[in-house]
Structures are given as structure tokens and as C-alpha cells.
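S.K.:
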Ligand SMILES: *Cc1c(COP(=O)(O)O)cnc(C)c1O
């Protein structure tokens, strides 16, 4: 399979090149040349087998099947359950638990794999790499966990100082391996993401320091996330169409669902659930995508205004017209707004429904769901469950993606349920461990200087 940019200029990129490139050289995002439609019955496959089957289609013969199988085995052996993604039924809702990896958030599913994939590629090509990423909380620790101690790789993670949960910060900063660098930025997540994007768009710098991306601009992230939509669908043994509710920030998770739908999976609607940072929700409901200010919430991994993956969706909405996307994105960076017409809005609404959950509603959902079912939702998942219940079609199964373990967000969970969630083994003792991080202003130049100093060459 070949890859190309949403902005039309970078083309005929191999899968491995796409993995290494991250952001396309023309500033766009890489997407496969076409989306394959699945006709085979895959319902009997377990999670790993399904991963192999679906990934093979997007990777082609660039990685031998036996090697790919090893990478998959290795990546998911770090999960605490053999099912990888258990599907649990509570009342009339299915919960797909995506948080059984080492950092207890759904990002492990893609980042455990991506870490191993990078290691394999670097070994094969005898190269080195400096991984650079921004995090609103969970990507950072999951990315670090994916590459800590791995050969030929350093990792630099930017996060908004004081705006991730205490546990999230500790999960990143207490890692002892010398190839890990945590950079606390005096600013918001959007500042971090902006700096990272800007550094990646400096092609010379990117090539000189062999920068690699772990953010969901990396196609591998999306690819690994497509799998659990299929898996969850098969696990609930339905014959008809389903609703998925997805707590959304950067539009990576739900975009994977959109691709799964395009691949023929019988998804009726994707429910895009946001917290008070509802730029995407407004887009689905009005057709206006307008940048606002970031509000800090109890679901910090969704405290995002500019969703980096949204461009990939726009590409499909605008009939895969790269030139149009280049124009649209330029307009957006100039005026901070994109507006689509009625017809396009109908297209959006054929695939997506959306609403936001306020802070109060989120806490109430944690409380009510616990009271009704005994199941503890983390605040991100609660946003998805709340909005999912509100917008679902009662006649159809609703699958809510559970994106984090409640123990990662103890305070809001305690507020909702009246008790502290039990601490899983991977988080025990983390409070006492020594932290290591550097505080830097939200300045592109300063971050660049830091990377120059510590990058592998
Ligand atoms: C990252 C994250 C999200 C948002 O996912 P996107 O792919 O950015 O939309 C939701 N919940 C949790 C717990 C996360 O870590």
C-alpha cells in the first residue's frame, strides 16, 4: 500500500516511509492511497489475529508476515489481559475497555505497537531516531512506555506544565531510562502541539535530527486503532448496525472509527462526545469549525481546541482533493475558522452525531452509572457514556469506548462515586518516585535548542 498527503503534494510513500515521516513533507497528513473494503468474515479471529489480518492490508509486503506477527505479539504481551480489549455489558450499554495496557489509557494500544515498529525499522536500516511528541496527558506516558530503554531512540515529550493530572505527570517524569526527556511547557496543550508541528515542518531540522512522530499524525496510530472497532463489533454478536460513542479530543480515536466504517464495518453512527472544549461538536452540529480558548476540565486528555487529525477527515469530506485541503488549511491558519455548506454538513451528519458534556454532567454520569451498575467510569469515558446515552438509537447496540482506567483520575472519580478507585499495581509507589523534567517557555526556538543539545546523532 502506498501513502500520500492530504495536501496532495507528497505522494507514493511506502508504509515504512510513512511511519518515519510522521507529518507529510508538504505539511499535510499521510493517508493510504485507498481505503480497502473488507468482505471476508473476520468474526472468529481473536484480537491479535484480527490485528495481523487488518494491518497486513495496509502494510503490504514491506514487513514479512512472521515479523509482523512477532511485533504484534510483543506489543500486546504488555497488556494485563489476554483479551486485550474486554467488552463488558452494563445495562443496555457495551463498554469496550481500551485501558488494559501499561499506562492504563487507550493510547497504549497504538503506542506499544509503534514503539516496537520503530525499533524494528531502525534496526533493519541501521539508523537512529529522535522521537518528538506533544501530550495532553496520556500520549506522553504511553509513548514513553513504548520506547523507554529501546536502542537507537531518544524521546522528547512536551506537555503543558501543571495541566496534566498528577498521576499523568508522574507516569512520564519518573521513568529512569536515559533516552527519555520530559519537557514541561509553560503554556497549553495547543501550544505544545503547535511547537511540535512547527519543528516537524522545518524539513531540514527534521532530517538532520531524524525526528520521528508519535502523535496521532502518525498513520500507525490510526491503523492500530481501527482494529478494536472491528473487534468490538464482532464480540457483541449483532447482525445489524451499531453506534459507537467516542470521547474525543484530537479526533484520532474517532477517525479510526470513521475509517472502519469506510472499510465496510456496519457502524450506523459515530457519536463524537466532547467535554467543554466543544469545537468539534459545534462543527458536527453547525458546520463551523472555529478555534476558541482551551478550558481545563476533569477530562484533561480531551482539553484540545485544534484537533490534529481533523484534516484527515476534511480530506475525505472534500472528495480527496488535496489542493482544496491545502487551501482550507491555509484559510484556517489565517482566520481560525472553516465553514462548510449545507450539503457537506449533511454528509458529516450522515456519519456523526455529537454533543458535549459539561463538568457537572460528567460528574453526574460517573455517579449515576456507578449507582445503577456498580461500574466506575473515568471522566473521559463518562463524557462518552453521557453523550452516547443522549444521542443513541435505543433500537441499536451502543458501544462506548472506555479510554482510561478510573484510577488515573482519582479526584473526579471520588467526587462522583464517593470513594477512591483502587490503585492498580502499575501505579502503586509512583507517588514516591523521583521526577525528572525540564521546564521551558512556550517557545519554538527554546525547544529546538534543547533538542539540539540532547538528540541522538
Ligand atoms: C487521548 C485521549 C482521548 C482523546 O482521544 P483522541 O484520539 O485525541 O480524540 C480520550 N480519552 C483519553 C483517556 C485519552 O487519553
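Residue numbers (my numbering): 805 to 1261. Yeah, the Cβ is synthetic: ideal placement off N, Cα and C, and Gly gets one too. Source: prediction; values computed, not measured.
I want to check one thing, is the minimum distance from the CB of residue 839 to the heavy atoms of ligand 2 below 7 Å?
M.R.: This structure simply doesn't include ligand 2; it includes ligand 1 instead.
S.K.: For residue 1192, name the three-state secondary structure that DSSP assigns.
M.R.: Mapped onto the chain shown, residue 1192 falls at position 388. Residue state, collapsed to three classes: helix.
S.K.: What are the partner residues of residue 1243, as DSSP defines its beta bridges?
M.R.: Working through the chain shown from its first residue, we reach residue 1243 at position 439. According to DSSP, which records beta bridges pairwise, residue 1243 is partnered with 988.
S.K.: Any idea if residue 1188 is buried or exposed, counting beta-carbon neighbours within 10 angstroms, 16 or more meaning buried?
M.R.: The sequence position of residue 1188 within the chain shown is 384, counting from 1. Under this definition residue 1188 is a buried residue.
S.K.: Whose CA, out of 1043, 916, 1095 and 824, lies closest to the CA of residue 1072?
M.R.: Within the chain shown, the letter at position 268 stands for residue 1072. Measuring from the Cα of residue 1072, the nearest candidate turns out to be 1043.
S.K.: In the structure shown, what three-state DSSP assignment does residue 900 receive?
M.R.: For the purposes of this step, residue 900 is taken as the residue at position 96 of the chain shown. Note: residue 900 maps to strand in three-state DSSP.
S.K.: Per DSSP, which one or two residues make a beta bridge with residue 1206?
M.R.: Within the chain shown, residue 1206 is the residue found at index 402, counting from 1. Answer is 901.
S.K.: Name the residue from 1089, 1134, 1083 and 1102 whose alpha carbon lies nearest to the alpha carbon of residue 1111.
M.R.: Translated into positions along the chain shown, residue 1111 becomes position 307. That would be 1083, whose Cα lies nearest to the Cα of residue 1111.
S.K.: Rounded to whole angstroms, what's the CA-CA distance from residue 1183 to residue 1173? Just pull it up for me.
M.R.: Within the chain shown, the letter at position 379 stands for residue 1183. Within the chain shown, the letter at position 369 stands for residue 1173. The alpha-carbon atoms of residue 1183 and residue 1173 are separated by roughly 12 Å.
S.K.: Using DSSP with H/G/I as helix, E/B as strand and the rest coil, what is residue 805?
M.R.: Against the chain shown, residue 805 aligns to sequence position 1. Looking at residue 805 - three-state DSSP - the assignment turns out to be coil, as it is neither helix nor strand.
S.K.: In three-state terms, what does DSSP make of residue 1009?
M.R.: Here the question's residue 1009 lines up with position 205 in the chain shown. Three-state result, residue 1009: helix.
S.K.: Starting from residue 1078, trace the beta strand (DSSP E) in both directions and tell me its first and last residue.
M.R.: Here the question's residue 1078 lines up with position 274 in the chain shown. Counting along the chain, the beta strand (DSSP E) containing residue 1078 begins and ends at 1071-1078.
S.K.: Please name the residue, chosen from 1258, 1260, 1257 and 1247, that lies closest to residue 1000 on a Cα-to-Cα basis.
M.R.: In the chain shown, residue 1000 corresponds to position 196, counting from 1. Out of 1258, 1260, 1257 and 1247, 1247 has the C-alpha closest to the C-alpha of residue 1000.
S.K.: Counting only runs of 4+ residues fully inside the stretch 1106-1190, write out the alpha helix (DSSP H) ranges in chain order.
M.R.: For the stretch 1106-1190, whole alpha helix (DSSP H) runs of length 4 or above, ordered along the chain, are 1114-1121, 1126-1139, 1146-1155 and 1163-1177.
S.K.: Which residues in the same chain have their Cβ closer than 8 Å to the Cβ of residue 1121, if we skip the five residues on either side of it in sequence?
M.R.: As a position in the chain shown, residue 1121 is number 317, starting the count at 1. Answer for residue 1121: 1144, 1148, 1151 and 1152, listed in chain order.
S.K.: Helix, strand or coil for residue 864, going by three-state DSSP, please let me know.
M.R.: Taking the first residue of the chain shown as position 1, residue 864 is located at position 60. Here residue 864 sits in helix by DSSP.
S.K.: Quick check on the DSSP output: the beta strand (DSSP E) that includes residue 767 runs from which residue to which?
M.R.: Not covered by the structure: residue 767. The range shown for the chain is 805 to 1261.
S.K.: For residue 938 versus residue 908, is the C-beta distance shorter than 8 Å?
M.R.: Taking the chain shown and counting its residues from 1, one reaches residue 938 at position 134. Taking the chain shown and counting its residues from 1, one reaches residue 908 at position 104. Contact flag unset, no.
S.K.: Cβ atoms of residue 1234 and residue 987: under 8 Å apart, would you say?
M.R.: On the chain shown, residue 987 is found 183 positions in, with the first residue counted as 1. On the chain shown, residue 1234 is found 430 positions in, with the first residue counted as 1. Contact: no.
S.K.: So residue 992 packs on residue 954, CB below 8 Å; how close in whole Å?
M.R.: By 1-based counting over the chain shown, the position of residue 992 is 188. By 1-based counting over the chain shown, the position of residue 954 is 150. Actually they are not in contact, since the Cβ atoms of residue 992 and residue 954 sit about 30 Å apart, beyond 8 Å.
S.K.: Taking DSSP as the reference, what is the three-state secondary structure of residue 979?
M.R.: By one-based count along the chain shown, residue 979 stands at place 175. Coil at residue 979, not helix or strand.
S.K.: Tell me the residue span of the beta strand (DSSP E) that contains residue 938.
M.R.: Residue 938 sits at position 134 when you count from the first residue of the chain shown. 933-938 is the extent of the beta strand (DSSP E) around residue 938.
S.K.: Tell me whether residue 1208 counts as near ligand 1, meaning its Cβ is closer than 7 Å to at least one heavy atom of that ligand.
M.R.: Counted from its first residue, the chain shown places residue 1208 at position 404. Residue 1208 Cβ: within cutoff of ligand 1.
S.K.: In whole angstroms, what separates the C-alpha of residue 1006 from that of residue 822?
M.R.: Position 202 of the chain shown, counting from 1, holds the residue named residue 1006. Position 18 of the chain shown, counting from 1, holds the residue named residue 822. Using only the alpha carbons, I get a separation of about 17 Å.
S.K.: Out of 977, 856, 949 and 844, which has the shortest C-alpha to C-alpha gap to residue 1262?
M.R.: There is simply no residue 1262 to check, as the chain begins at 805 and stops at 1261 in what is shown.
S.K.: Rounding to the nearest angstrom, what Cα-Cα distance links residue 927 and residue 875 in this structure?
M.R.: Residue 927 sits at position 123 when you count from the first residue of the chain shown. Residue 875 sits at position 71 when you count from the first residue of the chain shown. Rounded to whole angstroms, residue 927 to residue 875 spans 13 Å at the Cα level.
S.K.: For residue 792, which three-state DSSP category applies?
M.R.: This structure does not reach residue 792, given that the chain is present from 805 up to 1261, and the question cannot be answered.
S.K.: Straight-line CA distance for residue 835 to residue 808?
M.R.: Within the chain shown, residue 835 is the residue found at index 31, counting from 1. Within the chain shown, residue 808 is the residue found at index 4, counting from 1. So the alpha carbons of these two residues sit roughly 6 Å apart.
S.K.: Just to confirm before moving on: does the CB-CB distance between residue 965 and residue 989 stay below 8 Å?
M.R.: By 1-based counting over the chain shown, the position of residue 965 is 161. By 1-based counting over the chain shown, the position of residue 989 is 185. Contact flag set, yes.
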